[in-house]
Structure formats: structure tokens, C-alpha cells
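Q: Going by my numbering, the first residue of the sequence shown is number 7, and it counts up by one from there. The C-beta atom is built at its ideal place from N, Cα and C for all residues, glycine as well.
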Amino acid sequence: MSVQPAHNLSLEEMDKQSFLHPYTALQDHAENGPTIVASAQGVNITDTKGKEYIDSMAGLWCVNIGWGRDEVVEAITEQASKLAYYHSFASMANEASIRLADRILRLAPDNMSKVFFGNSGSDANDTNVKLVWYYNNLRGKPDKKKIIGRERGYHGVTVAAASMTGIPMVHKAFDIPLPQMLHTVMPHYYTNAEPGMSELEFSKWCAAKLEEMIIAEGPDTIAAFIAEPVMGAGGVVPPPEGYFQEIQAVLSKYDVLMIADEVITGFGRTGNWFASETYGIKPDIMTIAKGLTSGYIPMSGSIISEDIWQVLVNGTPEVGAFAHGYTYSAHPVAAAAAMANLDIMEREDLPANAARMGTYFQNKLKQELAGHPLVGDVRGVALLAGVELVADKANKTPLDMNLKAAPTLGKYCVEEGLISRALMQMNALSFSPPLVINEGEVDEVVARFQRALNRLTDDLVKSGSWKEK
Ligand SMILES: Cc1ncc(COP(=O)(O)O)c(C=O)c1O
């Protein structure tokens, strides 16, 4: 006997009636409904109406190996039929996660010692907060608990991760940030440096602001600093010259841990396995997710240094066992997907392809867009790029946010068959394509973006809301 559906609604209607979408303008959605993605291959996705798009965001910055890689699908199937699930509490383990932890440590910086597995970037950052607090309690420093993130930093949406995030929209109406979370300046040379300041001088200024905050709060209360090596969702901001060296000198002086949130930058995106290598960062903790499995199955991790591990393993009699873990920590199917994903990345040397194609992409974006009167800044590293729109290039005058220029441009990109992403509360769009992208596809991304940008420009001119200075 088959169960009859209770209605004859279209998928679009069913979605509107039953599905609360993440990060979505709810009223717009209730009116306009979803775009339903049906399939994907390589760097392209296709919707249920048959329209194809180049996804220059690799989903949400995550499908590093591109779509349709059967090898990963086979690894998932094989693992699911052999051992679909087991937990890793109380010393239980499975082969795929053991091998994966070992492999991650061989790719990570030398001082990294253990991997704790989670399911998302947000829960991994939540784990990091708990690890930092636990570590300082075990070290007998119970007052050392505050964590400093950065304005416009993005670390996820759990209560702790959203609190470390520095984007007002993520806090508003959710009663966060938590009082232990502070935010220092964003290292955005283009908008925040004083005229005439060199990048290095700007980096030193950022480090001085951090030090000021640590001193004002009391160094004995500051536990950690968290940063994305390249800021992603908050603006695609690569660090200015010498930034992390200046910052880490301050952190060492006050015994403050460095958490590198490599959720976007990990697994090849900046041309190396990790951006900590690209920028000479020496993290105590690293957050990984996204490119770990290329999104084929959710999985994340917190990688901790040997120093932190030593404190954890020595523990204290009062604290007892390490009481933290998720039902799905070290999920064997996710670990098998990650292993197959890393096989592909290694065999095809995707970090090197990201470096090579990244140079091509960044040059092409600059060549084709930097001269456009609405484009203030084209920035990025390897296959991570951002384009910032301004009203007046010479004075870097921002466009009025009420014009909704970035979301409109994002919408026109979609109509031109390109997924790019308007960044939150900013006149900028981002690109983070699969690392397998080729030159022809890059050319197509830039051409479609240009067409969309020209449409936006025409709109703004025609409505009288902007004119070229
Ligand atoms: C740097 C960074 N950290 C954390 C997260 C949160 O990851 P998730 O959405 O998997 O929870 C993201 C997501 O975009 C991210 O970009």
C-alpha cells in the first residue's frame, strides 16, 4: 500500500509551506519561493527548470573538487554498506577516521598534534571555545576566558561561533555576542588604512589596536584570538603585509592562543594545503570543514597543538574524562568521503591548480573590472576573490546601501547563468570556485559577471541614483 500525498502542491509551494531556510529574507522567500537545484557536474549546477549556472562560489565556498566525482560517491557507498555509523565516545573508533586524523596531521603545521571531529564549521568553532576554556581551567587560569575576534570576521552561527563573528546582522535580535567575546579592527587596508600608510604600517596599527584591547581588558582575562587567514564572508580580505607576524608577536607577549579558522582557506583554496602556510601563521588551534569533504558529506575538525594536548591529557583528578563530543563526531561515512576527497586533491595537485588558475583569475578580474567606474577594489588570493563596488573610485566613497547594489548584481549574475555571492551588509561580491576550474571557465565567469555589472550600471544611471564622477 502506498502512502498518498495529502495534497497536490508543487515543490515550490511545498517549500514555501514547510521549509524554514537558513540565511534567507523570509518575506521575499514567501513571495518568490526557492530556486531548486537538481543536479551538478564539474563547476556547473542545473536547476529544476533546466537552467545551468557556473557556480563560482562552489556552493558555500566548499566544493573544492567540483561536483560529480564518482570516486567519492563510491567511497561513501562502500563505507556505508560496511559500517554506516559508529560513535567514537569512550575510546571507540573506526578505521576511516583514524586514517583521516593521521593524514590531516601530515598536511597540517608541525606543532599540530590531535584532531577532534565535528560536523560543521560552527560546531568546530564552538568546540574550540570550550577547548580554550577547558585548557585554561586545567592550567589553573580560570579568569583567562575572553576571546577576541575581528569586526566582520565570520566563524559560524552557534551561540559561541556567532558571538566570535563580527557581523552586526548575525548578532541582531539573537541576544549575542556573549560577553566573553570581543572584536578588534578588521585588517581591511583598502577601507581602513589612513592615506599614505604602507601595508606594513597598517598591520602594525592593527596589532597596536589589539594590544590596546588586551591591556584595557587585562591580559589575564584574554584567552585566545580567532581569525580567518583570509576573511571570507565578511569581505574577502587577505591580510595586509606582515599582519599575522605583528599580531602573533602581541599574542605571544600576553600568552594568548591563536585560533586559525581555516574553514574556507583550508584544503588548497589559497594555493597551499593551508593558508597558515601561505601567510606564515603559527596556530595553536585550527578549524577545518568545507574542503575537508568538499561538502559531499558534512564534517569538520578542530586541530590542536601538542602544548594544548599535553594540558588536556594530563587533566586533573577533579575534572576527570574529557566530557565533550557529538553523536556524529568522526562519522565513518564522512571520514571515507574525506579520504577519497583528499586522494583526488593530492593526485590532481589541486592546491597547485588553485595557485595557477588563481593567478589567471585574479589577473583577469583586475584586467576586465578594475577600470569600471563602479569597481573600487578587486582583491583576493588564488581562487578566493572579492569585488567591491563604490560610488566614487577616487575617494572610495561607499555606495548607499539602500540602493541594494550588491544583491541586485548577484541577482543579475544568476540571470546571466553565474552564481556569485553578495556579501552581508557590504557592497561586495565574492568568488570561490571549485579548485578544478579551468581557463575557459574562468573567462566565462568574468564575462558573465561583466554583463551583470553593466546591467546594474545602466539601472543606476537610468534611475538617476548614481553617475560616474
Ligand atoms: C571561516 C568560517 N568559519 C566557520 C564557518 C561556519 O561553518 P558552517 O556553516 O559549516 O557551520 C564558515 C562558514 O561559511 C566560515 O566561512
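(1) Check the C-beta distance from V387 over to T276 and give it rounded, since I have them as a contact under 8 Å.
(2) I173 to G240, Cα distance in whole Å?
(3) Counting C-beta neighbours from all protein chains within 10 Å, is the total for H337 16 or more, i.e. buried, or is it exposed?
(4) Please indicate yes or no: does the CB of S128 lie closer than 7 Å to some heavy atom of ligand 1?
(5) Sorry if obvious, but does the Cβ on Y160 come closer than 7 Å to a heavy atom of ligand 1?
(6) Quick one: what's N372 bridged to in DSSP?
(7) How is H189 classed by DSSP in three states: helix, strand or coil?
(8) Are there any heavy atoms of ligand 1 lying less than 7 Å away from the beta-carbon of V163, as far as the coordinates show?
(9) Would you say the beta carbon of D267 comes nearer than 7 Å to a heavy atom of ligand 1?
(10) Would the beta-carbon of L66 be found less than 7 Å away from any heavy atom of ligand 1?
(11) Report whether the distance from the Cβ of T463 to the nearest heavy atom of ligand 1 is below 7 Å.
(12) Is any heavy atom of ligand 3 found at a distance shorter than 7 Å from the C-beta of T299?
(13) Would you say the beta carbon of N134 is closer than 7 Å to some non-hydrogen atom of ligand 1?
(14) Give the single residue among A229, A168, M192 whose Cα lies nearest to the Cα of R145.
(15) Measure the Cβ-Cβ separation of N134 and Y334 and say whether it is below 8 Å.
(16) For K120, list the residues DSSP reports as bridge partners.
(17) Using the C-alpha atoms, what's the distance from E354 back to N369?
(18) Would you say the beta carbon of I270 is closer than 7 Å to some non-hydrogen atom of ligand 1?
(19) When every heavy atom of ligand 1 is checked, does at least one fall within less than 7 Å of the C-beta of N460?
(20) Apart from the five residues just before and just after N142, which ones in its own chain have a Cβ nearer than 6 Å to its Cβ?
(21) To which residues of the same chain is I425 closer than 8 Å at the C-beta, ignoring the five residues directly before and after it?
(22) Can you name the start and end residues of the beta strand (DSSP E) that R156 belongs to?
(23) Alpha carbon to alpha carbon, what distance is there between T463 and A434?
(24) By Cβ distance, which residues of its chain are closer than 8 Å to N320, with the 5 residues on each side in sequence left out?
(25) How is the beta strand (DSSP E) around M203 delimited, first residue to last?
(26) Alpha carbon to alpha carbon, how far is D116 from P244? Give it in angstroms, no decimals.
(27) Per DSSP, what are the beta-bridge partners of N50 in this structure?
(28) How many angstroms separate the CA atom of A31 from the CA atom of K147?
(29) With a Cβ-Cβ cutoff of 8 Å, do D398 and K468 count as a contact?
(30) For V236 and V191, what's the separation of their Cα atoms in angstroms?
(31) Under 8 Å by Cβ, that's how I've got S308 and I291 pegged, so tell me the actual separation to the nearest angstrom.
(32) Measuring CB to CB, does K296 end up less than 8 Å from V269?
(33) Assess contact between the segment 272-286 and the segment 74-92, defined as three or more Cβ pairs (one per stretch) separated by less than 8 Å. Is contact present?
(34) Any heavy atom of ligand 1 closer than 7 Å to the beta-carbon of T293?
(35) Take every Cβ of the segment 196-216, pair it with every Cβ of the segment 252-264, and state whether three or more of those distances are shorter than 8 Å.
(36) According to the Cβ coordinates, are A390 and G382 closer than 8 Å?
A: According to the structure data:
(1) Residue mapping note: residue 387 aligns to position 381 of the sequence shown, counting from 1. Residue mapping note: residue 276 aligns to position 270 of the sequence shown, counting from 1. At roughly 5 Å, the Cβ-Cβ gap stays under 8 Å, so V387 and T276 are in contact.
(2) Within the sequence shown, the letter at position 167 stands for residue 173. Within the sequence shown, the letter at position 234 stands for residue 240. Computed Cα separation, rounded: 7 Å.
(3) Here the question's residue 337 lines up with position 331 in the sequence shown. So H337 counts as buried.
(4) On the sequence shown, position 122 is the one that residue 128 refers to. Yes, Cβ of S128 sits closer than 7 Å to a heavy atom of ligand 1.
(5) To locate residue 160, count along the sequence shown from 1; it is residue 154. Flag set: Cβ of Y160 near ligand 1.
(6) On the sequence shown, position 366 is the one that residue 372 refers to. Before going further, note that residue 372 is Lys rather than Asn in the sequence given. The partner list for K372 (beta bridge, DSSP) is empty, contrary to what the question assumes.
(7) Position 183 of the sequence shown, counting from 1, holds the residue named residue 189. If DSSP states are grouped into helix, strand and coil, H189 belongs with the strands.
(8) Taking the first residue of the sequence shown as position 1, residue 163 is located at position 157. Yes, the beta carbon of V163 sits closer than 7 Å to at least one heavy atom of ligand 1.
(9) Translated into positions along the sequence shown, residue 267 becomes position 261. Yes, the Cβ of D267 comes within 7 Å of a heavy atom of ligand 1.
(10) Counting from 1 along the sequence shown, the entry for residue 66 is found at position 60. Because some heavy atom of ligand 1 lies under 7 Å away, the Cβ of L66 counts as near it: yes.
(11) Locating residue 463 in the sequence shown gives position 457, counting from the first residue. Checking the Cβ of T463 against ligand 1 gives no.
(12) Absence of ligand 3 from the depicted structure is noted, with ligand 1 being the only ligands included.
(13) As a position in the sequence shown, residue 134 is number 128, starting the count at 1. Incorrect: N134 has no Cβ contact closer than 7 Å to ligand 1.
(14) By one-based count along the sequence shown, residue 145 stands at place 139. It is A229 whose Cα lies nearest to the Cα of R145.
(15) Here residue 134 refers to the residue found at position 128 when the sequence shown is read from its first residue. Here residue 334 refers to the residue found at position 328 when the sequence shown is read from its first residue. No, these two residues do not count as a Cβ contact at 8 Å.
(16) The residue given as residue 120 occupies position 114 in the sequence shown. According to DSSP, K120 bridges with I310.
(17) Here residue 369 is taken as the residue at index 363 of the sequence shown, counted from 1. Here residue 354 is taken as the residue at index 348 of the sequence shown, counted from 1. Their Cα atoms are separated by approximately 23 Å.
(18) For this step, residue 270 is matched to residue 264 along the sequence shown. Yes, the Cβ of I270 comes within 7 Å of a heavy atom of ligand 1.
(19) Mapped onto the sequence shown, residue 460 falls at position 454. Relative to ligand 1, the beta carbon of N460 is positioned no closer than 7 Å to any heavy atom.
(20) Looking up residue 142 in the sequence shown gives position 136. For N142, where only same-chain residues beyond five positions count, the Cβ hits under 6 Å are K150, A229.
(21) In the sequence shown, counting from the first residue as 1, residue 425 sits at position 419. Here the set comprises I51, Y59, I60, D61, S62, M63, C419.
(22) For the purposes of this step, residue 156 is identified with residue 150 of the sequence shown, where counting begins at 1. Element bounds for R156: 152-156.
(23) As a position in the sequence shown, residue 434 is number 428, starting the count at 1. As a position in the sequence shown, residue 463 is number 457, starting the count at 1. Between A434 and T463, the C-alpha separation is close to 15 Å.
(24) Your numbering for residue 320 matches position 314 in the sequence shown. Same-chain partners within the cutoff: L144.
(25) Looking up residue 203 in the sequence shown gives position 197. Careful: M203 lies outside any beta strand (DSSP E) and carries neither H nor E.
(26) By 1-based counting over the sequence shown, the position of residue 244 is 238. By 1-based counting over the sequence shown, the position of residue 116 is 110. Rounded to the nearest angstrom, the two C-alpha atoms are 24 Å apart.
(27) As a first step, residue 50 must be located in the sequence shown, where it is residue number 44. For N50, which the question treats as bridged, DSSP gives the partners Q47, I60.
(28) Taking the sequence shown and counting its residues from 1, one reaches residue 31 at position 25. Taking the sequence shown and counting its residues from 1, one reaches residue 147 at position 141. Approximately 43 Å between the Cα atoms of the pair.
(29) Counting from 1 along the sequence shown, the entry for residue 398 is found at position 392. Counting from 1 along the sequence shown, the entry for residue 468 is found at position 462. No, they are not a contact pair.
(30) Mapped onto the sequence shown, residue 236 falls at position 230. Mapped onto the sequence shown, residue 191 falls at position 185. The straight-line gap from Cα to Cα measures roughly 14 Å.
(31) Against the sequence shown, residue 308 aligns to sequence position 302. Against the sequence shown, residue 291 aligns to sequence position 285. About 6 Å; that satisfies the 8 Å criterion.
(32) Taking the first residue of the sequence shown as 1, we reach residue 296 at position 290. Taking the first residue of the sequence shown as 1, we reach residue 269 at position 263. Yes, the Cβ-Cβ distance between K296 and V269 is below 8 Å.
(33) no
(34) One-based indexing of the sequence shown puts residue 293 at position 287. Answer for T293: yes, Cβ within range of ligand 1.
(35) Using a C-beta cut-off of 8 Å, the segment 196-216 makes contact with the segment 252-264, since at least three inter-stretch Cβ pairs fall below that distance.
(36) Residue mapping note: residue 390 aligns to position 384 of the sequence shown, counting from 1. Residue mapping note: residue 382 aligns to position 376 of the sequence shown, counting from 1. Sequence inspection shows Leu at residue 390; the Ala mentioned does not correspond to that position. Not in contact: L390 and G382 (Cβ atoms no closer than 8 Å).
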